[in-house]
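What follows is a short report on a single structure.
Numbering (our numbering), first residue to last: 2 to 585.
Written out as structure tokens, the structure reads:
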């Protein structure tokens, strides 16, 4: 049953067309008309929607811009809808009010040679039309099918016929995954020597930092010890003077009155006694006496502490050497890792993280090797199943096509599905991988029209009516497996007539039960099978010629079939013949 299709095709200012709009049906749509009327314009318009390059003279004479626009019914083609969403074009094909989702595709051509493509109203590159609709609009002519002339399409057709498209996707996905994983393993392995050197260097730096006690208080204490030990003799000299001045030694300063050496303690004792005598005469001096007593107490405390410092102070060259050695190491670390303890500790943490990361590379390689083994196993398993299915389907498809071809008067035709073993470059360096992304073989369609001739690749077979009928036979054999939205046949009736033409029409009608089919024909036997019949004609008005396209029904259709059968002079006989063609 036909689902996706072109509902409306609008053509403006192309070749002889000024403006035409065609409403196609879901089955077999036939275009007829006199030679030169412009039937091929419809074919060219569809090709433009599929991304074909526009001819330099494509525009109607005098026109600055031409356009082709199609309204697609999109149900049944979720893959196209997903591709549109992936490209950010539309979330989904817009749903009509009382029908399935729809999508508008438009291509404009300008007189300056530029063209624009739009999908759902959004500008897109021409390549997007090719990717999305190049495979959906299958156009076949005497020069062959655009798709079937590409060997890559043969695998898609065979896998669809076998019902194993999903297996092929698994093979392609797993081979691609195996390639990515293998490349990452190679990159990690090639850096192994450098990684080992880096690890050794980082381990040395970490040990350097760990050998020292990197604590702010400890470092401050070490530096204080270094200053005391370095200046021990000078400190002893100075502190002895302090102790003497305070009364803790014989060192004294000269009395200002008598010239005798007195200590601060002795001087304060004299002052205390004199102040006591004065206070007896003036009691207001009591506060001053109290203050002097406090000074005496503090002075005695300072004297004791100075004496203790002198007792603990030592000149120790051996200890000084050890401290200086640690200070030297600390200065070296500061030059390399930072002036403060905090900076050095931060650097040590960075080293730890890098070591952890580098050591984790070993684990990463092991994980990747497991992933690679899984991808290879899944690719091999899927490709083996695909190969079995392809071999079985190749024989069935060949028989089906030959049977269809015989029904189309190609009685001596031979059709072969060749399975050529391939080894893709993508598998190089991946141990155990026995398949390429397209499977273990490359399917290719071979054909010969005459007995005694060896089948040759389709793309190398000369064009002609036989080839057109072969493509019809192939498409009808694949009709339930194909994903084409629209299949177009141009000149499929070349070189045939009579009963053969009727068989061609019957096969086209059968194909149209699964796909929308457009056929350009000169034969009434084929046109009679149409679900919708369009007539292409030319008219000249005020010195300008234009092509018109309109659907014909009832007596108008009978007249057109009669014209096709008997020429311009339509008679009762030719009309009766036309009615006979239309009768069930």
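Note that CB positions come from ideal geometry on N, CA and C, so glycine has one too. Computed from a prediction, not measured in an experiment: that's the story for all the values here.
Going by DSSP, residue 536 is part of the beta strand (DSSP E) stretching over 533-542. Comparing alpha-carbon positions, the option among 88, 28, 168 and 459 lying closest to residue 383 turns out to be 168. Taking the Cβ atoms as the reference, residue 418 lies roughly 5 Å from residue 399, within the contact range of under 8 Å. Around the beta carbon of residue 337, fewer than 16 other beta carbons sit within 10 angstroms, so the residue counts as exposed. Ranked by Cα distance from residue 304, the options 267, 318, 280 and 329 are led by 267. Here DSSP, grouped into helix, strand and coil, assigns residue 11 to strand. When beta bridges are read from the DSSP output, residue 500 appears opposite no residue. Rounded to whole angstroms, the separation of the alpha carbons of residue 526 and residue 503 is 5 Å. Contact between residue 579 and residue 380 does not hold, since their C-beta atoms are separated by about 58 Å, which reaches or exceeds 8 Å.
With respect to the 7 Å criterion, residue 488 and residue 402 are not classified as neighbours on the basis of their beta carbons. Under the criterion of beta carbons closer than 8 Å, residue 134 and residue 106 qualify as touching, at roughly 7 Å. Within a 10 Å sphere around the beta-carbon of residue 442 sit 16 or more other beta-carbons, which makes this residue buried.
At the C-beta level, residue 352 and residue 206 come within 7 Å of one another. Between residue 458 and the set 137, 493, 30 and 421, the nearest pair of CA atoms involves 421.
For residue 421, the enclosing beta strand (DSSP E) starts and ends at 415-422. As for any alpha helix (DSSP H) of minimum length 4 sitting wholly inside the stretch 285-369, the runs are 287-313 and 318-338, ordered along the chain. If you look at residue 491, you'll find it in the beta strand (DSSP E) that goes 487-491.
Residues 66 of the same chain have their beta carbon placed closer than 6 Å to that of residue 111, with the five preceding and five following residues left out of the count.
Per the C-alpha coordinates, the member of 58, 8, 155 and 124 positioned closest to residue 483 is 155.
DSSP places residue 67 in the uninterrupted beta strand (DSSP E) bounded by 66-74. Ranked by Cα distance from residue 512, the first of 485, 522 and 497 is 485. Distance from the CA of residue 14 to the CA of residue 122, rounded to the nearest whole angstrom, comes to 20 Å. Excluding its 5 nearest sequence neighbours in each direction, residue 161 has C-beta neighbours in its own chain below 8 Å: 479, 482, 483 and 484, listed in chain order. Per the C-alpha coordinates, the member of 203, 104, 189 and 194 positioned closest to residue 81 is 104. The bridge partners DSSP lists for residue 437 are 440.
In this structure, residue 501 keeps its C-beta atom at 7 Å or more from the C-beta atom of residue 477. In the three-state reduction of the DSSP assignment, residue 574 falls in the helix class, which pools H, G and I.
Nearest Cα to residue 25 within the set 298, 271, 279 and 47: 47.
In this structure, the straight-line span from the alpha carbon of residue 396 to that of residue 515 is close to 23 Å. Residue 553 sits in coil when the DSSP states are folded into three classes, being neither helix nor strand.
Nearest to residue 529 by alpha-carbon distance, out of 543, 499, 378 and 540, is 499.
Judged by DSSP in its simplified three-state form, residue 569 adopts coil rather than helix or strand. Within the model, the alpha-carbon separation for residue 348 versus residue 339 is close to 8 Å. Taking a cut-off of 8 Å on C-beta distances, the stretch 8-22 touches the stretch 53-68, as three or more cross pairs fall below it.
Secondary-structure assignment with DSSP links residue 547 through a beta bridge to 540.
Closest by C-alpha distance to residue 517, out of 524, 129 and 533, is 533.
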